[in-house]
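Visitor: Let me begin by handing over the structure; questions about it come next.
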Amino acid sequence: MELFSLAIAGFSIVVAALLWLTYVAFLKIPGKSTYSILSCTVLLCALVALQLGHLLYFTGGPAPLDTLAYRVALFVAPSSFFFFGRWALLPDEPFRPALLLALSPIALLLIPRLDVSLPMLFAVGAGFALWLGRLVYGLRAQRKQFRFEFFWFGVMSAFAVGVLALGFALPYIDPAWFYRFYCNAIGAAFAILVVALIAHPDLIADLTEAAQLRYGKSTLRDADVDGLLARLAALMADPKVYQNETLTLSTLAAELGITGHQLSELVNTRLGMGLPRYVRERRVAAAKSMLVAEPNASILAVGMDTGFKSSSTFYAAFKEVTGQSPGDYRKANAKAS
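Heads up: take any position in the sequence shown, counting from 1, add 1, and you land on my numbering.
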């Protein structure tokens with residue numbers, strides 16, 4: 002059991018570092034700010050500190066709750082989770098003094114009795130998780146492809162309930178069981194997040210866009226929506242546009258003479274998808290034509306000629322849109338013709 006938990010703790014630490022690097026340096030997300038990066042950093046550092054405490058414990062070290070570093074990380078994690086969720090999904094929401102109440106878990110550090118402070122901490126943490134769950138669940142009408150993510154979010158919520166129950170039961174059970182379950186729950190959360198991001202690389206960007214549309218004010222009140230849609234379709238029919246590997250929300254919006262928020266709302270509300278998905282669909286449509294029209298062209302060449310940066314991203318996008326691999330699509334349509 003300890004060997005498995007050791008592996009989970011090590012996995013979590015490596016994945017946390019990779020997720021931080023990916024979020025800070027590579028993910029292009031509308032509204033990503035210093036605040037979201039800072040809260041993400043604090044959250045991941047807290048989770049790493051917790052897993053390091055578990056790692057030391059499973060190799061003969063002190064009980065994690067007896068160390069100051071573990072306690073600080075444990076009591077900081079819920080607040081950083083809340084603020085990251087808020088600043089990542091609702092970057093344009095104004096600051097309200099009531100938000101400072103989200104720092105209350107940190108104040109629980111001042112309570113010396115763990116049998117009092119821990120149940121309160123886990124109850125507040127569960128409340129934050131329910132808040133985020135309610136926020137994300139409210140986006141179900143914005144995105145049909147979020148069904149997969151809703152399922153995994155439900156699994157993560159089940160783990161959160163389990164941790165909450167153990168937090169209340171901690172004074173009455175062997176602490177080793179709490180540490181094992183908590184370590185494995187953190188590892189499971191990281192694994193679920195990695196799987197979700199592999200299946201849907203633009204998940205966070207799409208969630209942010211959908212949240213801004215669902216909970217924000219419309220930016221298209223005085224715009225010629227039909228005219229913008231026609232211009233967008235004409236623009237995306239130009240190979241020079243969709244073949245551009247560095248195509249971004251801001252550059253495409255500039256071509257249309259509107260803001261990035263307006264373009265995001267236009268694509269989301271009128272086409273029912275995020276801009277990354279829309280661009281992928283345009284590129285896949287062009288790739289489908291090339292696969293049939295140029296049977297001697299390699300699949301890699303087709304992918305690169307239609308704006309994909311690598312064969313892996315091309316295969317993933319093609320399978321996501323068509324349900325087939327590029328090779329299977331070419332074979333099926335060659336037989337049909």
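Yeah, the Cβ is synthetic: ideal placement off N, Cα and C, and Gly gets one too.
Thinking just about the alpha-carbon of each residue, which of W21, A189 and P176 is nearest to the one in A10?
Guide: Ranking the options by Cα distance to A10, first place goes to A189.
Visitor: For I174, name the three-state secondary structure that DSSP assigns.
Guide: Coil.
Visitor: Expressed to the nearest angstrom, what Euclidean distance is found between the alpha-carbon atoms of F309 and S6?
Guide: Going by the C-alpha atoms only, they are around 39 angstroms apart.
Visitor: R359 and A318: beta carbons closer than 8 angstroms?
Guide: The displayed coordinates of the chain run from 2 to 338. Any statement about residue 359 would go beyond what the structure contains.
Visitor: Within a Cβ cutoff of 7 angstroms, which residues of the same chain sit near S105, ignoring the five residues on either side of it in sequence?
Guide: Contacts found: V125.
Visitor: Among P98, E3, A74 and T23, which residue has its Cα nearest to the Cα of P202?
Guide: Selected option, being the one with the closest Cα: T23.
Visitor: Does the Cβ of V289 have 16 or more other Cβ atoms within 10 Å, making it buried, or fewer, making it exposed?
Guide: Note on identity: in this sequence residue 289 is Lys, with Val being the wrong assignment. Its Cβ being crowded by 16 or more others within 10 Å, K289 is buried.
Visitor: For E256, does the three-state DSSP call read helix, strand or coil?
Guide: Three-state DSSP puts E256 in a helix.
Visitor: Under 8 angstroms between the Cβ atoms of S265 and E321?
Guide: No; because the gap between Cβ atoms is not below 8 angstroms, this pair is not in contact.
Visitor: Which residue wins for smallest C-alpha separation from G261, given the options F76, A130, T220 and V293?
Guide: Comparing Cα positions, the closest option is T220.
Visitor: Roughly how many whole angstroms lie between the Cα atoms of F191 and A18?
Guide: Each residue's Cα considered, the two are about 11 angstroms apart.
Visitor: Whole angstroms is fine: what's the gap from D207's alpha carbon to P63's?
Guide: Approximately 43 angstroms, taken between the alpha carbons.
Visitor: From this set, I199, Y180, A298 and R87, which residue's C-alpha is nearest L66's C-alpha?
Guide: The residue with the shortest Cα to Cα distance from L66 is Y180.
Visitor: Should I187 be labelled buried (16 or more other beta-carbon atoms within 10 Å of its own) or exposed?
Guide: Classification for I187: buried.
Visitor: Check M274 in the structure and name its three-state DSSP category.
Guide: Of the three classes helix, strand and coil, the one that applies to M274 here is coil, per DSSP.
Visitor: When we look at the beta-carbon of V137 and count the other beta-carbons within 10 Å, is it buried (16 or more) or exposed?
Guide: It is buried - the Cβ of V137 has at least 16 other Cβ atoms within 10 Å.
Visitor: Report yes if the C-beta distance between A74 and A47 is below 8 angstroms; otherwise report no.
Guide: Closer than 8 angstroms, so yes.
Visitor: So, F182 versus L122, is the Cβ gap smaller than 8 angstroms?
Guide: Not closer than 8 angstroms, so no.
Visitor: Among the residues of its own chain, which have a CB less than 7 angstroms from the CB of L115, if the five just before and after it don't count?
Guide: Excluding sequence neighbours, L115 sits near L66.
Visitor: Run through the region 82 to 133 for me and flag every whole alpha helix (DSSP H) of 4 or more residues, listed as ranges in chain order.
Guide: Here the runs fully enclosed are 105 to 108.
Visitor: Between R271 and V226, how many whole angstroms is the CB-CB distance? I'm expecting something under 8 angstroms.
Guide: Contact flag correct, Cβ pair sits at about 7 angstroms.
Visitor: If distances are taken between C-alpha atoms only, which option among F96, V16 and C184 comes closest to L4?
Guide: It is C184 whose Cα lies nearest to the Cα of L4.
Visitor: Nearest by alpha-carbon distance to W132: which of L110, G228 and S80 is it?
Guide: Checked all of L110, G228 and S80; the closest Cα to W132 is S80.
Visitor: Just the Cα atoms here: how many angstroms apart are E295 and A302?
Guide: Distance between the alpha carbons of E295 and A302: 11 angstroms.
Visitor: In chain order, what residues of the same chain lie with their CB nearer than 6 angstroms to the CB of L69, ignoring the 5 residues before and after it?
Guide: So no residue of the chain qualifies.
Visitor: Would you report the Cα separation of E94 and L53, rounded to the nearest angstrom?
Guide: Taking the straight line joining both Cα atoms gives about 35 angstroms.
Visitor: Tell me where the alpha helix (DSSP H) around F12 begins and ends.
Guide: Run containing F12: E3 to L22, per the alpha helix (DSSP H) assignment.
Visitor: Leaving out the 5 sequence neighbours to the left and right, which residues in its chain are closer than 6 angstroms to H55 when beta-carbon positions are compared?
Guide: These residues qualify, in order along the chain: A10, Y180 and C184.
Visitor: Counting only runs that start and end within the region 301 to 327, where is the alpha helix (DSSP H) found for 4 or more residues in a row?
Guide: Here the runs fully enclosed are 312 to 323.
Visitor: Anyone know if the C-beta pair for F82 and L44 falls short of 8 angstroms?
Guide: Yes; because the gap between Cβ atoms is below 8 angstroms, this pair is in contact.
Visitor: Would you identify the three-state DSSP class for Q244, choosing helix, strand or coil?
Guide: Three-state result, Q244: coil.
Visitor: Could you tell me which of T323, K33, V293 and Y58 sits nearest to R281, measuring between CA atoms?
Guide: R281 has its Cα closest to that of T323, out of T323, K33, V293 and Y58.
Visitor: In this structure, does DSSP put E295 in helix, strand or coil?
Guide: Coil, per DSSP.
Visitor: Using a Cβ-Cβ cutoff of less than 6 angstroms, which residues in the same chain neighbour F59 once the five nearest sequence positions on both sides are dropped?
Guide: The residues are E3, S6 and L7.
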